[in-house]
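Notes for the one structure printed next.
Residue numbers (UniProt numbering): 1 to 109.
Laid out in structure tokens, this is it:
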């Protein structure tokens, strides 16, 4: 069994939650999302983000708007929808429960 694969799967499981949380703080450009996720060591391959953003858009949890750029092609800026905010609240509750459960298990010798 490869520990690196397990670590990647753990991060992937939390990626949707983290992306929604970042977007919930305000409108965000994709490269800013990638930068924050990379700095937090939550994303290893940038290619995993784009399909996730498409799924979130299809589920109507996020929306985007195009903004003209002076430095190149138009940029896509993401924001969270009301449905996305409610979804994130549920995920936040789930996260708090998972942290408590994990701490309870891992604190025992």
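Positions of the beta carbon are idealized from the N, C-alpha and C atoms, including for glycine.
No experiment lies behind these values; they were computed from the predicted model shown.
For residue 107, there is no enclosing beta strand (DSSP E), as DSSP gives it neither H nor E. Non-local C-beta neighbours of residue 36 in its own chain, meaning closer than 8 Å and more than five positions away in sequence, comprise 22, ordered along the chain. Per DSSP, residue 13 lies in no beta strand (DSSP E); the unbroken alpha helix (DSSP H) holding it starts and ends at 3–24. Contact between residue 80 and residue 20 holds, since their C-beta atoms are separated by about 7 Å, short of 8 Å.
Excluding its 5 nearest sequence neighbours in each direction, residue 91 has C-beta neighbours in its own chain below 6 Å: 17, listed in chain order. Residue burial is scored here from C-beta neighbours: residue 78 has at least 16 other C-beta atoms within 10 angstroms and is therefore classed as buried.
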